[in-house]
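Engineer:
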Amino acid sequence: MTETQESLSAFSTPDTSSQSTPQKQDETCEQPEQSNAGKTTTPTPTTSPQSKTPLTDLYEDVEAHIEEAYPAFLRDQAIVTPPDPENQRYRTNGIPTAVDALPDTIGQWKLVTHDATHVSYLADGPAYDTEYGKGGSLVRFKLSLNDRGANRDDKYHLRTEKVVGYTNGEKIRSHTPDDESPMLGIRGHSVGDNPGDFSVLGGTKRKFGDPRDGIIDLIALLHHLPVPIRNYLPDTEDTPWEPVKHDLVSATWSTDAPDCVPKEDLILRLSTNQLRLTASDPSDSLPQKDTTTAPLVDPSFPDGLTGWLESKSAYTTVSSIRAVSAILTEDLTTVAEKSQLNTSESL
């Protein structure tokens, strides 16, 4: 298999190794189980759509939040994990008192740690880089009370953390955190010793005075962030773009820059909260690269998409998948000219 074929395969082969697909959680009816993290309960299947569970009231607020905060074009995307509180497994013990229960899974996101002051969801998936080969990635969303240290404000902070590794990809994917400590030192991951390994501590994304508000926001977000994102990316076989790398929630493509751009390469990067277009030469340092928000080249895009993508609210790759598809199939000169990249009539 050539390097290009391996790259395409790494992007196009759906990952099915996680516990479930982004579907309703009514496919199994397991017995309730006990864990150190708290009680897990599976609702009894029912034919009544009005059947209440401990998740019902929470999800009424989640759906109201989605209706208010998420644009209609995003809510209607087929790949969004649909809320299904009547059939979802849930946990009731050892959770913030602001809610009666928490969903045990949301698509492939798993509730991994929780207590009276924090909640965290984790997902694992494949990674690939044309330079380093196949690997694994973990992403954790954590909502926790910031009540310690010099920066204490007694608010609930939503933070993210991502770990990607290539030398021990499967070992990284099998890790499950059992506390709130950073995942930087998990077994098999080493930024210093393993080529390509990296980690990102995303910092605080949002703050909430009421933990219920934070939990509602987090659950709504995870329903709009299906993973691994590779399963939902458009095909590039008939385009000038080549896939360069991907992890659980992000992907990168590159192509030769058109003549109107005074750089060698165009690079398109999709991540959880942005879609960026970069023009660069191989020898460019970071300040020398020309980077801008990727243009929306499809005139059929709904009103408000540009503002949503550029807002801090758009913390989900579902927002950008339609924009990615349009860019990958559009004429490169058009893409460059509609962007805010530096362009010139001739080199």
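Just so we're aligned, residue 8 is where the sequence shown starts under our numbering, counting upward by one. Note that beta-carbon positions come from the ideal geometry of N, C-alpha and C, so glycine has one too.
How long is the line joining the alpha carbons of residue 348 and residue 305, rounded to whole angstroms?
Structural biologist: Near 18 Å, if we compare the C-alpha coordinates of residue 305 and residue 348.
Engineer: Which residues in the same chain as residue 117 place their Cβ atom closer than 6 Å to its Cβ, once the five residues preceding and following it in sequence are excluded?
Structural biologist: So the qualifying residues of the chain are 129.
Engineer: What separation, rounded to the nearest whole angstrom, lies between the Cα atoms of residue 146 and residue 273?
Structural biologist: So the two alpha carbons sit approximately 27 Å from each other.
Engineer: Measure the C-alpha to C-alpha separation of residue 336 and residue 342 and round it to an integer number of angstroms.
Structural biologist: Cα to Cα, the separation comes out at about 10 Å.
Engineer: Is it buried or exposed for residue 133, if we count other Cβ within 10 angstroms and need 16 for buried?
Structural biologist: Its Cβ being crowded by 16 or more others within 10 Å, residue 133 is buried.
Engineer: Between which residues of its own chain and residue 277 is the CB-CB distance below 7 Å, once the five residues before and five after are set aside?
Structural biologist: Correct list, in chain order: 257, 258, 324, 327, 331.
Engineer: Mind checking residue 108: buried by the 16 CB within 10 Å criterion, or exposed?
Structural biologist: Answer is buried; the Cβ neighbour count reaches 16.
Engineer: Three-state secondary structure (DSSP) at residue 241?
Structural biologist: If DSSP states are grouped into helix, strand and coil, residue 241 belongs with coil.
Engineer: When you compare only the Cα positions, how much space is there between residue 218 and residue 207?
Structural biologist: The alpha-carbon atoms of residue 218 and residue 207 are separated by roughly 25 Å.
Engineer: Are at least three pairs of beta-carbons, each pair with one atom in the stretch 244-254 and one in the stretch 135-144, less than 8 Å apart?
Structural biologist: They touch, by the three-pair rule.
Engineer: Hey, is the stretch 174-184 in contact with the stretch 150-165, meaning 3+ C-beta pairs nearer than 8 Å?
Structural biologist: No, the stretch 174-184 does not touch the stretch 150-165.
Engineer: Just how far apart, CA to CA, sit residue 279 and residue 255?
Structural biologist: Spanning the two alpha carbons is a distance of roughly 10 Å.
Engineer: Would residue 215 and residue 173 qualify as a contact pair, given that the criterion is a beta-carbon distance under 8 Å?
Structural biologist: Result no, Cβ atoms of residue 215 and residue 173 do not sit closer than 8 Å.
Engineer: Indicate the three-state DSSP secondary structure (helix, strand or coil) for residue 270 in the structure shown.
Structural biologist: The answer is coil: DSSP assigns residue 270 none of H, G, I, E or B.
Engineer: Using a Cβ-Cβ cut-off of 8 Å (strictly less than) and excluding sequence neighbours within five positions of residue 294, which residues of its own chain qualify?
Structural biologist: If we look at residue 294 and ignore the five residues flanking it on each side, it has no Cβ neighbours.
Engineer: Less than 8 Å between CB atoms is the rule here; does residue 145 satisfy it with respect to chain D?
Structural biologist: Absence of chain D from the displayed structure is noted, only one protein chain being present.
Engineer: So within the stretch 274-322, which uninterrupted alpha helix (DSSP H) runs reach at least 4 residues, ignoring any that extend past its ends?
Structural biologist: The qualifying runs are 312-317.
Engineer: Quick one: residues in its chain with C-beta nearer than 7 Å to the C-beta of residue 230, no 5 flanking neighbours on either side, listed in chain order?
Structural biologist: Correct list, in chain order: 87, 88, 90, 113.
Engineer: Exposed or buried, residue 194, counting other C-beta atoms within 10 Å across all chains shown (16 or more means buried)?
Structural biologist: It counts as exposed.
Engineer: Counting along the chain, where does the beta strand (DSSP E) carrying residue 163 start and finish?
Structural biologist: 162-172 is the extent of the beta strand (DSSP E) around residue 163.
Engineer: Once you ignore the five residues that flank residue 122 on each side, which residues in its own chain have a CB closer than 7 Å to its CB?
Structural biologist: Cβ neighbours of residue 122 beyond the five flanking positions: 101.
Engineer: By the three-class DSSP mapping on this structure, what secondary structure does residue 234 have?
Structural biologist: Three-state DSSP puts residue 234 in coil, outside helix and strand.
Engineer: By DSSP's criteria, residue 106 is part of a beta bridge. Which residues make up the other side?
Structural biologist: According to DSSP, residue 106 bridges with nothing at all.
Engineer: Residue 234 and residue 196 - do their beta-carbons sit closer together than 8 Å?
Structural biologist: Cβ distance not < 8 Å, so residue 196 and residue 234 don't count as in contact.
Engineer: To the nearest angstrom, how far is the alpha carbon of residue 125 from that of residue 186?
Structural biologist: Roughly 10 Å separates the two Cα atoms.
Engineer: Can you grab the Cα-Cα spacing for the pair residue 41 / residue 104, in whole Å?
Structural biologist: At residue 41, the pLDDT of 35 sits below 50, so the modelled position is not reliable; the number obtained from the coordinates is stated separately. Distance between the alpha carbons of residue 41 and residue 104: 20 Å.
Engineer: What are the partner residues of residue 250, as DSSP defines its beta bridges?
Structural biologist: Paired residues: 260.
Engineer: Counting only the same chain and skipping the five closest in sequence on each side, list residues whose C-beta sits under 8 Å from that of residue 222.
Structural biologist: The residues are 65, 103, 105, 106, 109, 126, 150.
Engineer: Contact check, residue 300 vs residue 282 under 8 Å by CB: the rounded distance?
Structural biologist: 7 Å between Cβ atoms; contact.
Engineer: Assuming residue 211 contacts residue 166 under a Cβ cut-off of 8 Å, what Cβ separation, rounded to an integer in Å, is found between them?
Structural biologist: Sure, about 6 Å apart at Cβ, within 8 Å.
Engineer: Jot down the residue ranges of each uninterrupted alpha helix (DSSP H) in the stretch 181-239, minimum 4 residues, whole runs only, in chain order.
Structural biologist: Listed in chain order, they are 218-230.
Engineer: What is the rounded straight-line gap between the Cα of residue 316 and the Cα of residue 298?
Structural biologist: Taking the straight line from one Cα to the other gives about 16 Å.
Engineer: Is residue 92 buried or exposed, if buried means 16 or more other CB atoms sit within 10 Å of its CB?
Structural biologist: By the 10 Å Cβ count, residue 92 comes out buried.
Engineer: Roughly how many angstroms lie between the CA atoms of residue 182 and residue 63, to the nearest whole one?
Structural biologist: Roughly 31 Å between the two C-alpha positions.
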